[in-house]
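Since the structure comes first, as structure tokens, the remarks are kept for the end.
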Amino acid sequence: MTHYDIHSIRADFPILKTKVNGHPLVYLDNGATTQKPQSVINAITDYYTQINSNVHRGVHHLSQLATDAYEVTRRKLSEFINATHDYEVILTNGTTHSINLVANCYGKQFVEAGDEIMISEMEHHSNIVPWQMLCEERGAKLRVIPITDTGELDMEAYRTMLNERVKLVAITYVSNTLGTLNPMQEIIKLAHGLDIPVLVDAAQAIQHLHIDVQALDVDFLAFSGHKMYGPTGVGVLYGKEKWLDRMPPYQGGGDMIKEVRFEKTTYNELPFKFEAGTPNIEAGICLGASVDYIKTIGLSQIALYEAELLKYATKVLSEIDQIRFIGTAKEKCSVISFLVNGAHPYDVGVILDKLGIAVRTGHHCTQPLMERFGILGTVRASIAMYNTKEDIDLLVEAVKKAASMLL
2 MTHYDIHSIR
12 ADFPILKTKV
22 NGHPLVYLDN
32 GATTQKPQSV
42 INAITDYYTQ
52 INSNVHRGVH
62 HLSQLATDAY
72 EVTRRKLSEF
82 INATHDYEVI
92 LTNGTTHSIN
102 LVANCYGKQF
112 VEAGDEIMIS
122 EMEHHSNIVP
132 WQMLCEERGA
142 KLRVIPITDT
152 GELDMEAYRT
162 MLNERVKLVA
172 ITYVSNTLGT
182 LNPMQEIIKL
192 AHGLDIPVLV
202 DAAQAIQHLH
212 IDVQALDVDF
222 LAFSGHKMYG
232 PTGVGVLYGK
242 EKWLDRMPPY
252 QGGGDMIKEV
262 RFEKTTYNEL
272 PFKFEAGTPN
282 IEAGICLGAS
292 VDYIKTIGLS
302 QIALYEAELL
312 KYATKVLSEI
322 DQIRFIGTAK
332 EKCSVISFLV
342 NGAHPYDVGV
352 ILDKLGIAVR
362 TGHHCTQPLM
372 ERFGILGTVR
382 ASIAMYNTKE
392 DIDLLVEAVK
402 KAASMLL
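Letter by letter, the sequence shown follows residues 2 to 408 in my numbering.
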């Protein structure tokens, strides 16, 4: 990794020069949202100063420029995940929106009373609640794949639970709380053995790992722009054409129609069938800049660097006697969740903040997971491409200080 220029990368992110309570900012809350490089910030300014207009509807010059830029982002995203067709990439307002779209539209078309939807015990609420709502509405059953004490998916239980009643498996690629990297290739292959489609929540994976939807053979993939160094309010749903064609629209309105009569409306072709109304144009266009930035650094290089940093962080934090890790899977990515024994995570987080360390505390929108481990929450440090060993060392010293004050 001698050619990974961390100093140059950090210089691309203006907010990293911030001081918090007189201390240099150590930003380790990347699982919640990532910071933005100057190129993305510039893209936002350029949009509003040069091409601000609505998309897909106008014949005038600015509308054409905005439409072209918006569709360029779709093509970049399609290439980024290696979709078969650009129109399999639906622009949404985030991972939650993407999952709800599938739960609503796929559910209406394919899920009946007595059917089953399968999720795992480590899911974010956004990949639990939409399926609960669907099951309640359709009279279906929600099945939950258990996890082990180390925070790994119980693959033997998964194999046993798969059956002809399961209509969809919805599962996270990387746990936002545990950092567990799930064996997605095997998960999908097993489901497809019974012709069961799979939705993957890639919100915590897309910025860390190269995802090839054709190689994975995944049916649906959901992720958010703001977790991959892009704007908030924009996300992606990838879906195989064969499923998207058969699903009804999610919302009615402009752009998702081909022809409207009071007697009947015919719907637009993909991807527009699922993109009703004026989108978040600025965020959609500027998400393309974040894709460009990631590709400039290289996902393979990012993954190697972050894996090295995660290994270092785990080692030095484990040397603190009062630390208890939550989630010790063999295959992990980007996240360390821990407790300082006897101290409330919130109290630890407050002390860390006073020292300039930004982490996340609480249940991380995974309350069933917390119940599984018999805890109320954790302290979560989540790393990104711009973090350093110096950041980790400062975190360790801050945790030691917190422990000395609270225990």
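Virtual Cβ for every residue (Gly too), placed ideally from N, Cα, C.
Where residue i falls, given that 16 or more other Cβ within 10 Å makes a residue buried
| i | result |
| --- | --- |
| Gly254 | exposed |
| Asn342 | exposed |
| Val261 | exposed |
| Leu288 | buried |
| Gly140 | exposed |
| Thr297 | exposed |
| Pro249 | exposed |
| Leu396 | buried |
| Tyr251 | buried |
| Asn281 | buried |
| Ile13 | This sequence places Asp at residue 13; Ile is not what is there. Looking at its Cβ environment, which holds 16 or more other Cβ atoms inside 10 Å, Asp13 is buried. |
| Phe263 | exposed |
Within 8 Å, strictly: CB atoms of residue i and residue j
| i | j | result |
| --- | --- | --- |
| Tyr174 | Ala203 | yes |
| Met229 | Thr178 | no |
| Ser335 | Phe326 | no |
| Leu200 | Phe224 | no |
| Gln36 | Leu66 | no |
| Ala359 | Tyr28 | yes |
| Ile91 | Gly240 | yes |
| Pro25 | Gly231 | no |
| Leu78 | Val292 | yes |
| Ile207 | Ile188 | no |
| Leu238 | Leu102 | yes |
| Gly226 | Ala284 | yes |
| Pro198 | Leu154 | no |
| Gly32 | Arg381 | yes |
| Tyr48 | Ile303 | no |
| Gly236 | Ser40 | no |
Limits of the unbroken alpha helix (DSSP H) element including residue i
| i | result |
| --- | --- |
| Phe14 | It is not in any alpha helix (DSSP H) - Phe14 carries neither H nor E in the DSSP assignment. |
| Val349 | 346-355 |
| Leu169 | Element bounds for Leu169: not the alpha helix (DSSP H) but the beta strand (DSSP E), 167-173. |
| Thr161 | 156-162 |
| Lys142 | Lys142 -> not in any alpha helix (DSSP H); beta strand (DSSP E) instead, spanning 142-146. |
| Tyr268 | Looking at the DSSP string, Tyr268 is not in any alpha helix (DSSP H); the run it does join, the beta strand (DSSP E), is 266-268. |
| Arg139 | 130-139 |
Of the listed residues the options, nearest to residue i (C-alpha basis)
| i | options | result |
| --- | --- | --- |
| Glu136 | Thr68, Asp116, Glu124, Asp69 | Checking the sequence shown, residue 136 turns out to be Cys, not Glu. Taking only the C-alpha atoms, the option nearest Cys136 is Asp116. |
| Gly234 | Leu78, Leu300, Gly95 | Gly95 |
| Asp246 | Val130, Glu89, Arg373, Thr46 | Glu89 |
| Asp150 | Leu370, Ile16, Val103 | Leu370 |
| Leu271 | Glu264, Asp256, Val261 | Asp256 |
| Asp213 | Tyr347, Glu80, Leu356 | Glu80 |
| Ala385 | Gln186, Ile45, Leu318, Gly180 | Gly180 |
| Asp6 | Leu154, Leu305, Lys401 | Leu305 |
| Arg166 | Glu157, Ile146, Lys142 | Lys142 |
| Ala104 | Gln368, Gly194, Glu138, Ile376 | Glu138 |
| Asp354 | Ala399, Ile10, Pro147 | Ala399 |
| Val317 | His8, Lys401, Gly236 | Lys401 |
| Gly350 | Ala404, Pro38, Val145 | Ala404 |
| Ile148 | Cys106, Ser99, Ser176 | Ser176 |
For residue i, the first and last residue of its enclosing beta strand (DSSP E)
| i | result |
| --- | --- |
| Ile258 | 258-261 |
| Ile82 | From DSSP, Ile82 is part of no beta strand (DSSP E) but of the alpha helix (DSSP H) over 62-82. |
| Phe111 | From DSSP, Phe111 is part of no beta strand (DSSP E) but of the alpha helix (DSSP H) over 96-111. |
| Arg373 | Looking at the DSSP string, Arg373 is not in any beta strand (DSSP E); the run it does join, the alpha helix (DSSP H), is 368-374. |
| Gly240 | 236-240 |
| Ala382 | 379-383 |
The ligand MG heavy atom lying under 7 Å from the CB of residue i
| i | result |
| --- | --- |
| Asp392 | Among the components modelled here there is no ligand, and therefore nothing to report on the ligand MG. |
- Query: Does the stretch 357-368 come close enough to the stretch 148-167 to have 3 or more Cβ pairs within less than 8 Å?
  - Reply: no
- Message: Using a Cβ distance threshold of 8 Å, determine whether the stretch 39-58 contacts the stretch 206-222, with at least three qualifying pairs required.
- Response: no
- Query: When the Cβ atoms of the stretch 75-85 are set against those of the stretch 119-133, are three or more pairs found closer than 8 Å?
  - Reply: no
- Just checking, does the stretch 376-394 make contact with the stretch 305-325 on the three C-beta pairs under 8 Å criterion? yes
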